[in-house]
Ligand code: ASP
């Protein structure tokens, strides 16, 4: 039984490719041998659902392209179980339809073998994660979907209460508070494959609802959380035939920025950044640049055409730089538009300092610092590094480079709110020695947080938590919450902390992203059965949608006419 994938009518013989989840099988209808079945088969069209009775025979000429290519079914009887309208696009991996059409007809899109493969892979990954965590003593525990705001730094999705007019549930941005409470409850090791909701303006690699593997454990050292995750990821990757082995490498946040210009560095290639500000310093006024100057060496880049260099300059500008400075290294010497300004001698030293060889191009860029205490030039050069790495094919796609990033600052400055906000969330632990600076020098406080990065993608983050009530209360205060506000929002949690809270810590990784990378896909939408568009819409179910006045009345809600898209600013505690 299955779907008619394709039909070929040769008069005496009709062939159909019959498709189901497992793949394709060839069916033959022979007019002479089985006239009744053959005549019925004349009516078949793409995507009809049929049942075929017959005998499996060895094919005269096998088809090595498909798994069932050695055999075919000689049909004796045909049952047409359902007909089908002509689909808006062919059910094939090479789909030419727009993504909008694919999403509108998602049930047809999902029939494509590639989507079946992705969904199956995702299932296998999640299953393996569950097995691995079960073996390591974790309980899967569900936490509420109708809850109250959790401060992960995004906007909440709100659900109005019918029973309590004027009151709202929030859909969880993460189960953060609940999983910490589960540690207070003595559950020791918790995990959950859980949907989280964040109402943010969507970028290509975000979904408003997404799935996390969320985890928390009691009495851990940072190392314990890392080991659990490494074992889990080794097994999840193995499902996709990707062999990785812990321990994953560790990188300090500052080093990651300094060397790769990113807190989620792609470690599949080198091309590290060099701070070459000192060589430019004397010419700061002449060249009119601000901030630091960072350089990368593009191997073989000395042959770049004018057009390629212009394109590189445009890219740097779009990344926030004023442009690029280049130095060409050839066998017969160094050449650069900077020769007059910096002098041949300085250029020579610069080339030595960055280790450029004949045939290379030194690409340097400067950017004015945007935020206090952050070197913007690093981020810009980091983007340039990735861009060049891609252009020059330096990224080894067969490598899977995991890294733990540690040593984050606890706070970051929010220019919009003109105050310090949590770099992660307000439950992240503080390095003990820095506790005394919480009130006096928050920018110096180091966090007990960590990120897991894979091939330049942040898979997720976690931390050893604050487990003392007094510290948590000071933390809320440092974030600008008054005692009343802290009690109003987190009173239940502060109370819970006072009843014997064990030290605890955990992490959450994005399942969609893991599945996307292991499936070799570029978009999260390729590994989510029913995803949303970047405008946060479900094109198939046509949601969001308006609701009836009756429904609104029941909830005690009236719709205000506002300018579309005008919403309150992000709240990040
Ligand atoms: N709740 C955090 C998040 O969703 C992860 C964690 O700290 O465990 O990013």
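In the working numbering, the protein residues as written are 1088 to 1660.
For each residue, glycine too, the CB sits at the ideal point set by N, CA and C.
Please state whether DSSP places residue 1136 in a helix, a strand or coil.
strand
Hey, residue 1514 and residue 1260: beta-carbon distance below 8 Å or not?
no
Cα-Cα separation between residue 1339 and residue 1236, rounded to whole angstroms
31 Å
Do you know how far the Cα of residue 1610 is from the Cα of residue 1581?
So the alpha carbons of these two residues sit roughly 40 Å apart.
Within the present structure, is the beta-carbon of residue 1593 separated from the nearest heavy atom of the ligand ASP by less than 7 Å?
Checking every heavy atom of the ligand ASP against the Cβ of residue 1593, one is found closer than 7 Å.
Among 1349, 1417, 1190, which has the Cα closest to the Cα of residue 1619?
Closest by alpha carbon: 1190.
Exposed or buried, what is residue 1245 when buried is set at 16 or more other beta-carbons lying within 10 Å of its beta-carbon?
exposed
Would you kindly work out how many angstroms separate the C-alpha atoms of residue 1243 and residue 1272, rounded to a whole number?
27 Å
Residue burial classification, residue 1529 (beta-carbon count within 10 angstroms, cutoff 16)
buried
What are the start and end residues of the alpha helix (DSSP H) that includes residue 1347?
Segment 1340 to 1347, the alpha helix (DSSP H) holding residue 1347.
So, using beta-carbon positions, are residue 1301 and residue 1112 closer together than 8 Å?
no
Is residue 1545 a contact residue of the ligand ASP, with contact defined as CB to any heavy atom under 7 Å?
no
Closer than 7 Å: is that where the CB of residue 1499 sits relative to any heavy atom of the ligand ASP?
no
I need the boundaries of the beta strand (DSSP E) containing residue 1415, first residue and last residue.
1411 to 1417
CB of residue 1516 to nearest heavy atom of the ligand ASP: below 7 Å?
no
In this structure, does DSSP put residue 1166 in helix, strand or coil?
strand
On a CA-only basis, which of 1456, 1461, 1606, 1521 is nearest residue 1210? Give me that one, please.
Between residue 1210 and the set 1456, 1461, 1606, 1521, the nearest pair of CA atoms involves 1606.
Using 8 Å for Cβ pairs, my map puts residue 1337 next to residue 1493. What's the rounded Cβ distance?
6 Å
Please determine if the segment 1355 to 1363 and the segment 1460 to 1477 are in contact, where contact requires at least 3 C-beta pairs separated by less than 8 Å.
yes
Within 10 Å of its beta-carbon, does residue 1202 have 16 or more other beta-carbons around it, so buried, or fewer, so exposed?
buried
When the Cα of residue 1144 is compared with those of 1155, 1137, 1427, which residue comes out closest?
1155
Between residue 1356 and residue 1334, what straight-line distance do the alpha-carbon atoms span, to the nearest angstrom?
19 Å
Can you say whether residue 1307 is buried or exposed, counting buried as having 16 or more other CB atoms within 10 angstroms of its CB?
buried
For residue 1511 and residue 1534, which I take to be in contact (beta-carbon distance under 8 Å), what is that distance rounded to the nearest angstrom?
About 7 Å separates the two Cβ atoms, so the contact holds.
Could you tell me whether the segment 1408 to 1420 touches the segment 1431 to 1448, where touching means 3 or more Cβ pairs closer than 8 Å?
Between the segment 1408 to 1420 and the segment 1431 to 1448 there are three or more C-beta pairs closer than 8 Å, enough to call the two in contact.
Confirm the yes/no value for this check: CB of residue 1267, any heavy atom of the ligand ASP, distance under 7 Å.
no
Tell me the DSSP secondary structure of residue 1324 in three-state form.
helix
What's the C-alpha gap between residue 1128 and residue 1115?
Rounded to the nearest angstrom, the two C-alpha atoms are 10 Å apart.
Sequence-distant residues of the same chain with beta carbon closer than 6 Å to residue 1282, five excluded per side:
1296, 1298
May I ask you to report which of helix, strand or coil DSSP gives residue 1537?
Strand.
Residue 1276 lies in the beta strand (DSSP E); which residues open and close that run?
Run containing residue 1276: 1276 to 1284, per the beta strand (DSSP E) assignment.
So, with DSSP's three-state summary, where would you put residue 1659?
The predicted position of residue 1659 is uncertain, since its pLDDT is 44 and thus under 50; no value can be drawn from it.
Quick check: what's the CA-CA separation for residue 1227 versus residue 1194?
31 Å
Quick one: what does DSSP say residue 1504 is sitting in, helix, strand or coil?
Coil.
Using a threshold of 8 Å, state whether the C-beta atoms of residue 1168 and residue 1136 are closer than that.
yes
My guess is that residue 1452 and residue 1381 are in contact by the Cβ rule of under 8 Å, so how many angstroms apart are they, rounded?
That pair is a contact at about 6 Å.
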